[in-house]
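Below: one structure, written as structure tokens.
Protein chains: 2
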Amino acid sequence: MATVSSRPLVRDDPLRLVDRFAASAAVDEDAFMSTAEFSAWFTARQRSHAFSVRRIPFAELAGWSFVGDGGELRHQSGKFFTVEGLRVHDPAGPVTEWHQPIMNQPEIGVLGLLVKEFDGVLHFLMQAKMEPGNVNLVQLSPTVQATRSNYSRVHKGAGVKYIEYFTAPGRGPVLVDSAQSEHGTWFLGKRNRNMVVETAADVPLDDDYCWLTLGQIARLLRIDNLVNMDIRTVLSCVPLTTDTRGVHTMGEVLSWLTEARATHQLTTAPVPLAGLPDWRQDAERIFRPDERFFSVIAVEASADNREVKSWTQPIFHPHGQGVAAFLHRRIEGVPHVLAHARREAGLRENVEIGPTVQATPDNYRTPCEEMRPDFLDDVLHADPSRILFDAVLSEEGGRLFHAQSRYMIIEADDGIPIDAPPGYLWLSPYQFDALLRHPCYVNVQARTLVACLKSLR
Amino acid sequence: MATVSSRPLVRDDPLRLVDRFAASAAVDEDAFMSTAEFSAWFTARQRSHAFSVRRIPFAELAGWSFVGDGGELRHQSGKFFTVEGLRVHDPAGPVTEWHQPIMNQPEIGVLGLLVKEFDGVLHFLMQAKMEPGNVNLVQLSPTVQATRSNYSRVHKGAGVKYIEYFTAPGRGPVLVDSAQSEHGTWFLGKRNRNMVVETAADVPLDDDYCWLTLGQIARLLRIDNLVNMDIRTVLSCVPLTTDTRGVHTMGEVLSWLTEARATHQLTTAPVPLAGLPDWRQDAERIFRPDERFFSVIAVEASADNREVKSWTQPIFHPHGQGVAAFLHRRIEGVPHVLAHARREAGLRENVEIGPTVQATPDNYRTPCEEMRPDFLDDVLHADPSRILFDAVLSEEGGRLFHAQSRYMIIEADDGIPIDAPPGYLWLSPYQFDALLRHPCYVNVQARTLVACLKSLR
């Protein structure tokens, strides 16, 4: 390595990137590919491949089996993920102790969006991709969406397309790069690296990929089950705000979260999956007799354009449609949303910032009505004139089967005070931009809502 | 709760606090308590109490026992901490697998410095405190240094003095508040809340406490085994720099760390403490027959001014004195130190930013010479003219017995390039200020060195 004795200094400027992203967000009808062309292209992509998914008994899983003393469900390679048993102790919660299956996937994968300037405007390379858990099989995905097992080819399939733009030495400028958590109710400590990498290279365009502006993606976000979770989480990390004002300082926001993490801690311990209290296992499912929450099932999938043409895998099947919503209000003209410091068993730091409301209403039927979360009814019964955003969007289809949530942003009525109740705080878009440079502050449902918030005009 | 429909906005300004702290750092000889008066006061405090510590066999521990299937060492209350067995798998490390005892203390404690203006200058409330593991028993400690078990009075002792300034509703402005990790080689995911809270109240001054400026503390930091680890870690979080320049942008720094975390992951699994491979247990110690690394022992301590007058506890006894050092150079006039992305088994995110060198030289005797860390010899054999800081300081004496490290900052020679080798990066003081607003970026040894770096004139 050559010895360098000096080098020009750079000045830290976290707002530096905002202008370029904002310019892309302002373009929602593009010469490169119009919205009409996109629709035709996407429909063609859906039709051009043979995809199928069917549920199978656990015994038909290939390479997966219930092993060891605790009967965990593992792949023979030791890679991908395992389904394990977890005991959760949450002294301050409405339920103080429970057991559940959970997915353990310690590898940090890559969710990567490649960007390139065309006519001076940043465009994002999007992919039409099949996932076995998607209700409609094909959704719009990031350029790259790969676990380390995927791109290091544990499954001996073809290489992950475009991965070299994210991982090879000499790649282009990295505009966004932070590790973010995924669902703390289904994953134990899972996180993925959310990346936006710029290229000036002449990028060969595969049939299943297209270039879109941020403004175009913002429009597509309003269509049910089109823009997948992995795009939404990466987009939530794209800074778009130069207005650094808020009703609280960042110091206050960080201290609020530190306090929430220190005050009510939940603890977890691995337990055997076999014989997990309150859960049953039969040939096709691990489930609760009361059919609440979720079940673990198995599927066989085939897709002629995936790295591996057909495969079997376990997958989590949430029961009932979720609701995730932000209450929203302008304070002195600056938009704010009501954030909630939310404990989840699988989060590495126990507490992250969640939506105002994050719940599956079916779980609060009798006898659990008294546990109904704060603000749930404000959201479900909001006057239509107050609804700023409303779409049913899918959670990640590689690990979650038919997992859909209704994402809403609701203009708060005047009864909801700026002095938020304990556990809640009004945050501005800039504060989310600042938090999302760092790992594990904002949970995955809130990140989808942040992406939706950024899409509002 | 009153409904508030509006409120003045604040603008985020992370540099806002720097001037007030810098003014305190500029005062190193103070009218309130001179340096000579401090020495007399501290000596008097050491002499005014009866302290004693003696090693005992495990069988004499009161309230502690080896329990359960795995023989973990626990307190009967279930609080404080447990000593457990851990298996570590580090495929990219010089040693790819090992077993060790580790302390599991999931609670987030408080390390708190109370500050108050006298004559317009911020003063910090310091405590002369006995800890059983300190080589000299009494060191200078933060205002408050308490686990949650301590201040919620699990041990049924007296209340923790001054804790109400940190935890009570209506406390003063919180100037610093972030959860930071502790030694990843001895603690499993431990972190403490590092707080600086300001008060305008008339604070009653207990005999064991005194007010000092940042400049005075900086001077005391150069005295061996005086300023304890808990003060050092809180001071590392006190922002002192307005110069936001650096050889890298914050985006590059964060991406470098994200990549280090994603690339080489180590995994850990709890295993029984009883029969831990490579370790032996007798009546007084859990240790390795080769006497490397550390042992687990037990002590009986008494101190007539502690919340509990006498107690017994297990404690970790590191073998050999550690070395932690930053290589330092000015680049275009701006100070930089060479940071290392360091994997440690007990860190929640596996990798944090560590010193250029962090090692216990005794561990690299035959047959381990070939594992000698990079830069260790540059540090140990540095020309005295290049040594900017050099003091032997203690690690936390509540859990660690006679744990001392030599902390050094060494002016790098020209052979060490600005294009740092893989895993290393040159960071500026501002970048540490920015990182230390957030949890678990900078490990505890590097935080001591950051405090030392800030003390340099």
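Going line by line, the protein sequences match chains A and B.
Residue numbering for the first sequence follows my numbering, starting at -14 and increasing by one per position.
Residue numbering for the second sequence follows my numbering, starting at -14 and increasing by one per position.
Glycine residues also receive a C-beta, built at the ideal position from the N, C-alpha and C atoms.
Quick caveat, the model's predicted, so the values are computed rather than measured.
- Burial is judged here by how many other beta carbons sit within 10 angstroms of a residue's own beta carbon; HIS321 (chain A) has at least 16 and is buried.
- The distance from the Cβ of CYS437 (chain B) to that of PHE374 (chain B) is about 5 Å, consistent with a contact at the 8 Å cut-off.
- 8 Å or more divides the Cβ of HIS168 (chain A) from the Cβ of GLU337 (chain A).
- Neighbourhood of SER240 (chain B) in chain A, by CB distance below 8 Å: VAL159 and ASP162, in chain order.
- Annotation for PRO42 (chain A): no alpha helix (DSSP H) segment contains it, and DSSP assigns it neither H nor E.
- Look at the stretch 8 to 72 of chain B and you find these whole runs of alpha helix (DSSP H), each 4 residues long or longer: 20 to 33.
- Residue burial is scored here from C-beta neighbours: THR128 (chain B) has at least 16 other C-beta atoms within 10 angstroms and is therefore classed as buried.
- Along the stretch 141 to 198 of chain B, the beta strand (DSSP E) occurs as fully enclosed runs of 3 or more residues at 159 to 166, 176 to 183 and 194 to 197, listed in sequence order.
- GLN306 (chain A) and ARG277 (chain A) have their C-alpha atoms some 12 Å from each other.
- Contact between the stretch 194 to 213 of chain B and the stretch 14 to 26 of chain B is present: 3 or more CB-CB pairs across the two stretches fall below 8 Å.
- When C-alpha distances from GLN430 (chain A) are compared across A:ARG442, A:HIS325 and A:ALA44, the shortest belongs to A:HIS325.
- When C-alpha distances from THR248 (chain B) are compared across B:GLU92, B:SER240 and B:ALA254, the shortest belongs to B:SER240.
- Rounded to whole angstroms, the Cβ separation of LEU96 (chain A) and ARG178 (chain A) is 7 Å, and the two are in contact under 8 Å.
- By the rule that beta-carbons nearer than 8 Å mark a contact, GLY63 (chain B) does not touch chain A.
- Taking CB atoms only, LEU(-6) (chain A) has a neighbour in chain B less than 8 Å away.
- Straight across, the Cα-Cα distance linking ASP362 (chain A) with ILE403 (chain A) is about 19 Å.
- With contacts defined as CB atoms closer than 8 Å, GLN389 (chain A) and VAL(-5) (chain A) fail to qualify as a contacting pair.
- Within the same chain, and ignoring the five residues on either side of ARG265 (chain A) in sequence, the residues whose Cβ sits closer than 7 Å to its Cβ are PHE272 and PRO274.
- Counting only the Cα atoms, ALA286 (chain B) lies some 35 Å from PHE311 (chain B).
- In this structure, DSSP gives VAL435 (chain A) a helical state, which the three-state scheme calls helix.
- Sequence-ordered contacts of the stretch 315 to 345 of chain A with chain B read ILE316, GLU317, GLY318, VAL319, ARG333 and GLU334 [C-beta pairs closer than 9 Å].
- In the three-state reduction of the DSSP assignment, TRP241 (chain A) falls in the helix class.
- Counting other Cβ atoms within 10 Å of its Cβ, HIS60 (chain A) reaches 16 or more and is therefore classed as buried.
- Ranked by Cα distance from PRO224 (chain A), the first of A:PRO(-7), A:PHE6 and A:ASP(-2) is A:PHE6.
- According to the DSSP assignment, GLN416 (chain B) belongs to the alpha helix (DSSP H) that extends over 414 to 420.
- With fewer than 16 other Cβ atoms inside 10 Å of its own Cβ, PHE103 (chain B) counts as exposed.
- Listed in chain order, the non-local C-beta contacts of ASN290 (chain A) below 7 Å within the same chain comprise HIS34 and ASP193, local neighbours out to five positions each way being set aside.
- Excluding sequence positions up to five before and after PHE151 (chain A), its CB lies within less than 7 Å of the CB of VAL95, GLY97, VAL129, MET180 and VAL182, all in the same chain and listed in chain order.
- Nearest CB-CB separation between GLY307 (chain B) and chain A: not below the 8 Å threshold.
- In the structure shown, VAL(-5) (chain A) falls within a strand segment according to DSSP collapsed to helix, strand and coil.
- PRO86 (chain B) sits close to VAL281 (chain B), with the two beta carbons spaced by under 8 Å.
- Taken through DSSP and simplified to helix, strand or coil, ARG328 (chain B) comes out as strand.
- Distance between TRP296 (chain A) and ARG333 (chain B), taken at the CA atoms: about 33 Å.
- Residue burial is scored here from C-beta neighbours: HIS366 (chain B) has fewer than 16 other C-beta atoms within 10 angstroms and is therefore classed as exposed.
- For TYR415 (chain B), the C-beta contacts it makes with chain A under 9 Å involve ASP(-3), in order along the chain.
- When CB distances to chain B are screened at a threshold of 7 Å, the residues of the stretch 162 to 182 of chain A falling below it are ASP162, SER163, ALA164 and ARG178, in chain order.
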